[in-house]
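Asks: Residues are numbered in my numbering as their position in the sequence shown, beginning at 1, plus a constant of 6. Please read through the structure below; I'll follow up with questions.
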Amino acid sequence: MGNIHVKDRRRKCSNHQNNITLFRPTDQEPILSDTDGRLLTEVWSRLKDDIHKVGVITFVSLFETHPEVHDAFMSFRAINTSELEYNAILRQHALRVMGTVDKCITRLDNREKLRELMAELGIRHKNYSVKIEFIDLMGPQFISSIKPHLHHIWTEEHERAWENLFRLMCYHMKKGMCSIQD
Ligand code: HEM
7 MGNIHVKDRR
17 RKCSNHQNNI
27 TLFRPTDQEP
37 ILSDTDGRLL
47 TEVWSRLKDD
57 IHKVGVITFV
67 SLFETHPEVH
77 DAFMSFRAIN
87 TSELEYNAIL
97 RQHALRVMGT
107 VDKCITRLDN
117 REKLRELMAE
127 LGIRHKNYSV
137 KIEFIDLMGP
147 QFISSIKPHL
157 HHIWTEEHER
167 AWENLFRLMC
177 YHMKKGMCSI
187 QD
């Protein structure tokens, strides 16, 4: 897909809750600095081997703290999906999220590609009926999952760099979600 033309289609985007606008596609893109990029690349190369563990923990804790996300995930599946199959789906999704983080980190020098990748992912999530307000839940969960693996090097700068990466990823995902009709 080429450039996605996103107008401010707020009335067509499930983007309001109790009269609060959850996301404005016209808001400025979050900033991810060169220093953030350097820290992320460094940390990611250390973490990659543990990618599987980190991803699974992220999802388990996300469902523990936000049961409604669990329900959203479940409703995408056929009603008769067994618990075992469901756990396998979750594990697979966790790995897919990690794969997306990997793709974004390797595309930090090619922002246009990163934007396109995330916007298209957002459009697909809209088609999976994921609510826009769930998207931002992933970043904090992810950060608290990687921290214990990196406690010996972790600084406030690391925390900020990861927050900024997820802000950027989620911004473009939500922008993609808002670019198609409900
Ligand atoms: C930063 C946030 C997220 C990322 C990077 C991400 C990434 C992905 C990826 C790569 C896929 C594989 C299919 C595809 O590429 O279209 C996927 C599928 C899916 N995601 Fe996410 N996701 C995120 C957040 C969420 C959240 C919060 C939910 C909450 C319910 C969710 C629900 C789903 C569902 C239902 C599918 C389809 C499941 C399947 O194919 O088995 N995702 N996601």
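Note that CB positions come from ideal geometry on N, CA and C, so glycine has one too.
Going by beta-carbon coordinates alone, are Ser151 and Thr71 separated by less than 9 Å?
Replies: Not a contact, by the Cβ cut-off of 9 Å.
Asks: Under the criterion of a Cβ to heavy atom distance below 8 Å, does Gln98 qualify as lining ligand 2?
Replies: Judged by which ligands are present, ligand 2 is missing from the structure shown, whose ligands are ligand 1.
Asks: Do you know offhand how far Gln34's Cα is from Ser88's?
Replies: 43 Å
Asks: Just verifying my parser: in three-state terms, what is the DSSP assignment at Gln34?
Replies: coil
Asks: Where does Gln98 fall in DSSP's three states?
Replies: The answer is helix: DSSP assigns Gln98 an H, G or I state.
Asks: From the DSSP output, in three-state form, read off Asp55 for me.
Replies: helix
Asks: Whole angstroms are fine: how far does the CA of Ser39 sit from the CA of Thr47?
Replies: 12 Å
Asks: Where does Cys184 fall in DSSP's three states?
Replies: Of the three classes helix, strand and coil, the one that applies to Cys184 here is coil, per DSSP.
Asks: Within the same chain, show all residues whose beta-carbon is closer than 7 Å to that of Arg121, passing over the 5 residues directly before and after it, in chain order.
Replies: His178
Asks: Compare the Cα-Cα distances from Pro154 to each of Ile111, Gly43, Val60 and report the closest residue.
Replies: Val60
Asks: Which of helix, strand or coil does DSSP assign to Tyr177?
Replies: helix
Asks: By DSSP, does Trp160 sit in helix, in strand, or in coil?
Replies: coil
Asks: Less than 8 Å between the CB atoms is what I'm expecting for Ile138 and Lys109, so what's the real figure, rounded?
Replies: That belief does not hold up - the Cβ atoms of Ile138 and Lys109 are roughly 21 Å apart, past 8 Å.
Asks: Looking at the structure shown, is Asp14 part of a helix, part of a strand, or coil, going by DSSP?
Replies: Interpretation of Asp14 is limited by its pLDDT of 43, a score under 50 that renders its predicted location unreliable; the figure taken from the coordinates is listed afterwards. In this structure, Asp14 counts as coil in the three-state DSSP scheme.
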